[in-house]
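Enquirer: Structure in structure tokens, see below.
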Amino acid sequence: MSVKVHVERLIHDALRALAQQGLLPEDALPATIPVETPKRAEHGDFATSICLQLAKAARKNPRELATALSAKLEGAEGVASIEIAGPGFVNVRLTIDTWLTALASATREGARFGRSQAGLGRRVLVEYVSANPTGPMHVGHGRGAVIGDVLSNLLDWAGYRVEREYYENDVGNQMNKLTRSVLFRARELLGLETGPVPEDCYPGAYLIPVAEAARAALGDGIAHVAPEDEPALTRVRDFARDRLVGEIRGDLERLGVRHETWFREHTLHDSGAVSQAAAELEARGHVYTDDSGKRWFRSTDFGDDEDRVVVRENGVPTYFAADIAYHKHKMDRGYDCAIDVWGADHHGYIPRVRASIAALGYDVKRFEVLLCQFVTLVENGQPVRMGKRSGNFETLRDLLDEVGVDATRFGFVMRSADAQFEFDLALAKSQSMENPVYYVQYGHARLAQILAKAAELGHAPPSDGADLRAIVLPEELGLIKKAMEWPDVVRAAADQRAPHFVVFYLQELIGLFHGYYTKYKATEKVVSDDAAKTAARLVLCQGLKTVIGNGLAVLGVSAPERMYFTE
RNA sequence: GCGCGUGUAGCUCAGAUGGAUAGAGCGGCGGCCUCCGAAGCCGUAGGCCACAGGUUCGAAUCCUGUCACGCGCACCA
Numbered sequence: 001m002s003v004k005v006h007v008e009r010l011i012h013d014a015l016r017a018l019a020q021q022g023l024l025p026e027d028a029l030p031a032t033i034p035v036e037t038p039k040r041a042e043h044g045d046f047a048t049s050i051c052l053q054l055a056k057a058a059r060k061n062p063r064e065l066a067t068a069l070s071a072k073l074e075g076a077e078g079v080a081s082i083e084i085a086g087p088g089f090v091n092v093r094l095t096i097d098t099w100l101t102a103l104a105s106a107t108r109e110g111a112r113f114g115r116s117q118a119g120l121g122r123r124v125l126v127e128y129v130s131a132n133p134t135g136p137m138h139v140g141h142g143r144g145a146v147i148g149d150v151l152s153n154l155l156d157w158a159g160y161r162v163e164r165e166y167y168e169n170d171v172g173n174q175m176n177k178l179t180r181s182v183l184f185r186a187r188e189l190l191g192l193e194t195g196p197v198p199e200d201c202y203p204g205a206y207l208i209p210v211a212e213a214a215r216a217a218l219g220d221g222i223a224h225v226a227p228e229d230e231p232a233l234t235r236v237r238d239f240a241r242d243r244l245v246g247e248i249r250g251d252l253e254r255l256g257v258r259h260e261t262w263f264r265e266h267t268l269h270d271s272g273a274v275s276q277a278a279a280e281l282e283a284r285g286h287v288y289t290d291d292s293g294k295r296w297f298r299s300t301d302f303g304d305d306e307d308r309v310v311v312r313e314n315g316v317p318t319y320f321a322a323d324i325a326y327h328k329h330k331m332d333r334g335y336d337c338a339i340d341v342w343g344a345d346h347h348g349y350i351p352r353v354r355a356s357i358a359a360l361g362y363d364v365k366r367f368e369v370l371l372c373q374f375v376t377l378v379e380n381g382q383p384v385r386m387g388k389r390s391g392n393f394e395t396l397r398d399l400l401d402e403v404g405v406d407a408t409r410f411g412f413v414m415r416s417a418d419a420q421f422e423f424d425l426a427l428a429k430s431q432s433m434e435n436p437v438y439y440v441q442y443g444h445a446r447l448a449q450i451l452a453k454a455a456e457l458g459h460a461p462p463s464d465g466a467d468l469r470a471i472v473l474p475e476e477l478g479l480i481k482k483a484m485e486w487p488d489v490v491r492a493a494a495d496q497r498a499p500h501f502v503v504f505y506l507q508e509l510i511g512l513f514h515g516y517y518t519k520y521k522a523t524e525k526v527v528s529d530d531a532a533k534t535a536a537r538l539v540l541c542q543g544l545k546t547v548i549g550n551g552l553a554v555l556g557v558s559a560p561e562r563m564y565f566t567e
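Position 529 of the first sequence, counted from 1, bears residue number 529 in the numbering used here, the numbering being contiguous throughout.
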């Protein structure tokens with residue numbers, strides 16, 4: 001249990017006791033007590049404004065409530081002092097021993113420190129990336145991939161059972177377009193085409209090697225496939241799809257992103273799930289047919305702006321029909337929550353999907369969408385276009401080549417998902433502390449080197465039962481308190497679907513450490529002649545390294561033991 | 001036109017459930033190495049939190065309206 005959660009419980013219990021005494025109405029107690037870590041140290045280790053909030057319901061003066069609450073908290077486990085401040089804040093200060101004990105226990109937990117059971121093992125499906133298999137991944141996909149991946153890590157840490165899924169849109173016009181494009185490139189390779197790429201084909205040069213491979217695998221005959229030769233078209237289409245999906249997988253692997261399941265849209269068609277879902281929607285009375293024979297889902301009954309076509313005039317289901325089936329499938333698989341990570345350009349699609357889930361009788365609260373706004377690549381303030389001659393998309397691969405995995409991942413989660421922001425290539429490329437990812441990694445390396453140096457001199461952090469009371473400097477206590485927030489950061493970031501919390505937290509924590517280090521490196525070094533101080537400080541360093549390392553692990557960014565750069 | 005998102009320091013952005021004197025990084029300016037990593041640190045300047053109303057003990061945060069920017073408004077996926 002984190003220190004903060006401990007305090008939350010103390011306050012909660014105290015309030016319940018007050019309620020039993022009749023000082024407040026029982027039903028006025030909120031499920032979660034607002035407890036914050038004050039910005040100002042004078043306000044204690046923790047502060048709550050609960051008395052201000054309960055005052056009205058209790059028909060009491062907030063300070064009067066605060067007085068009653070503080071009387072209950074006085075002497076509670078770990079509490080050093082309580083004070084009432086301002087209009088009725090209650091500030092809680094804990095004993096130093098409480099903090100030292102927490103540090104010792106965190107250091108023991110090591111790579112598991114920060115994990116909790118808060119999610120109670122509830123099952124969550126996170127679907128992310130889901131780029132169409134018609135070309136390479138671009139930068140926008142990369143952001144969604146990293147955000148989805150880090151969110152999944154956070155949920156896992158917070159005690160949820162997480163599955164990561166990729167939805168392959170391997171059906172529809174785009175696949176036909178892809179097929180046409182590959183066939184065109186194949187003819188081009190054989191000299192049968194010399195003109196520009198037709199309008200109804202993808203222009204990207206990345207399809208030339210695909211066509212070459214297709215020729216090698218399927219023979220030169222593919223240059224002569226007739227538009228109505230379905231079996232041949234299917235062979236080409238499947239080949240191109242597999243090839244492009246393979247490239248996407250390769251890019252994701254390089255980015256450190258892995259999905260447990262790759263869900264293919266066509267399986268929904270093959271199994272009849274699409275028509276089944278449409279039929280069920282119809283059976284429930286939410287579908288009507290118009291004069292031309294189109295079938296419409298009356299999504300307006302569930303909050304959508306307009307009704308949506310589910311089956312076209314020619315009997316072919318729309319993409320949306322498949323998506324209804326897909327989300328129904330997710331619901332039927334029994335997840336407590338299904339989170340879709342989408343690009344912001346798809347936001348208009350949310351109401352209809354939500355409507356379909358509601359219309360099929362599921363609780364819409366089980367469906368969530370995390371939107372990712374676009375990233376603008378800039379270099380020294382100037383917008384960048386990364387695509388080579390091949391086209392105007394900016395590929396993820398180019399970015400990875402340019403700045404590496406760590407800076408790419410860190411850069412994509414350092415801002416809130418629903419804010420557009422500028423990704424500065426020059427900054428991400430620079431191997432300096434101006435680069436936030438290096439700043440954090442450098443801190444980890446510095447801690448590692450201190451511990452290594454200590455080991456060299458024969459000091460190891462005491463593994464158990466160490467007396468940490470040699471830790472007395474205010475900066476050291478501040479570091480402990482900050483480091484002990486890590487489990488709360490994980491929970492908050494998971495609950496709020498806000499991976500960027502982790503980045504900000506790590507920057508703050510390591511910033512405190514750099515300050516501490518510089519201030520005392522001449523006077524109060526970690527490794528000194530004082531055995532008690534040395535031992536205690538090594539535990540502190542070990543604990544900090546653990547937290548930074550765990551944070552970087554959640555982000556999927558490497559945590560180097562050393563970072564010497566040549567020159 | 002309608003919907004969603006955004007508007008906070010010169011720049012890029014944080015500010016969870018409304019709370020105490022609005023934060024960080026970069027950039028400016030001024031300082032700190034007889035060093036466990038100066039690739040670091042400290043100090044300082046810089047704000048009508050887009051604008052106008054409202055809600056209440058209290059609003060950057062919630063509500064309404066206005067303006068600006070981005071995205072979307074398919075029988076494409």
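Where is the CB? At the ideal position from N, CA and C, for every residue including glycine.
1) Which residue from E394, P499, Y516 puts its Cα closest to that of A158?
2) Residue range of the alpha helix (DSSP H) that I471 falls in?
3) Please state whether DSSP places H138 in a helix, a strand or coil.
4) Cutting at 7 Å between CB atoms, please list the residues of its own chain near M137, excluding the five before and the five after it.
5) Helix, strand or coil for Y167? Go by DSSP, reduced to three states.
6) Would you tell me roughly how many angstroms separate the C-alpha atoms of R389 and Y128, rounded to the nearest one?
7) Taking DSSP as the reference, what is the three-state secondary structure of T534?
8) Do you know offhand how far R59's Cα is from K533's?
9) Please determine, among W342, L189, D467, the residue with the shortest C-alpha to C-alpha distance to Y167.
10) Quick check on DSSP: helix, strand or coil for A84?
11) If contacts are defined as beta-carbon pairs under 8 Å, then L255 and V146 qualify, I think. What distance do you get, rounded to the angstrom?
12) Going by the DSSP bridge assignment, what does V369 pair with across the sheet?
13) Considering only residues of the same chain and omitting the five flanking positions on each side of M484, which have a CB-CB separation below 6 Å?
14) Measure the alpha-carbon distance for A359 versus V274 and round it to whole angstroms.
15) Take G348 as the anchor and find which of G303, T95, Q420 has the nearest alpha-carbon.
16) Could you tell me the distance, in whole angstroms, from the CA atom of T267 to the CA atom of Y517?
17) Quick one: Cα of V526 to Cα of I450, how far?
18) Between the beta-carbon of R187 and the beta-carbon of A223, is there less than 8 Å?
19) Mind checking which residues open and close the beta strand (DSSP E) that includes T261?
20) In angstroms with no decimal places, state the Cα-to-Cα distance between G443 and H141.
21) Within 10 Å of its beta-carbon, does L65 have 16 or more other beta-carbons around it, so buried, or fewer, so exposed?
22) Please go through the same chain and pick out, in chain order, the residues whose beta-carbon is closer than 8 Å to the beta-carbon of I548, but skip the five residues on each side of it.
23) Could you check where the alpha helix (DSSP H) with F421 kicks off and where it finishes?
24) Would you call A455 buried or exposed, if buried means 16 or more other Cβ atoms sit within 10 Å of its Cβ?
25) Using the C-alpha atoms, what's the distance from T408 back to F513?
26) Would a C-beta distance cut-off of 8 Å place V311 and F320 closer than the cut-off?
27) According to the Cβ coordinates, are H569 and A85 closer than 8 Å?
28) First and last residue of the beta strand (DSSP E) that includes L451?
29) Can you tell me which of G221, G148, N153, R161 puts its alpha carbon nearest to the alpha carbon of V182?
30) Our contact map puts G22 next to R63 with C-beta atoms below 8 Å; I'd like the distance itself, whole angstroms only.
31) Just the C-alpha distance for G556 and V150, rounded to the nearest angstrom, thanks.
32) Can the beta-carbon of V437 be found closer than 8 Å to that of V502?
Expert: So, from the listed chains and residues:
1) P499
2) Neither: I471 is in no alpha helix (DSSP H) and is coded neither H nor E.
3) strand
4) A131, I248, D251, T395, L396
5) In this structure, Y167 counts as strand in the three-state DSSP scheme.
6) With a pLDDT of 39 at R389, under the threshold of 50, the modelled position of that residue is not reliable, and the figure given next carries that caveat. Whole-angstrom Cα-Cα distance: 29 Å.
7) helix
8) 52 Å
9) W342
10) Looking at the sequence shown, residue 84 is not Ala but Ile. Looking at I84 - three-state DSSP - the assignment turns out to be strand.
11) 7 Å
12) D340
13) V3, A102
14) 15 Å
15) G303
16) 58 Å
17) Their Cα atoms are separated by approximately 8 Å.
18) yes
19) Per DSSP, T261 belongs to the beta strand (DSSP E) from 261–264.
20) 30 Å
21) It counts as buried.
22) Excluding residues within five positions, the ones whose Cβ falls inside 8 Å are V440, G443, H444, L447, L506, L509, I510, A559.
23) In the DSSP assignment, F421 falls outside any alpha helix (DSSP H) and within the unbroken beta strand (DSSP E) covering 421–424.
24) exposed
25) So the alpha carbons of these two residues sit roughly 25 Å apart.
26) no
27) What the structure shows of the chain is the stretch from 1 to 567, and residue 569 is not part of that stretch, so it cannot be assessed.
28) No beta strand (DSSP E) holds L451; the alpha helix (DSSP H) holding it covers 436–456.
29) The shortest C-alpha separation from V182 is found at G221.
30) Wrong, their Cβ atoms sit about 19 Å apart, outside the cutoff.
31) 7 Å
32) no
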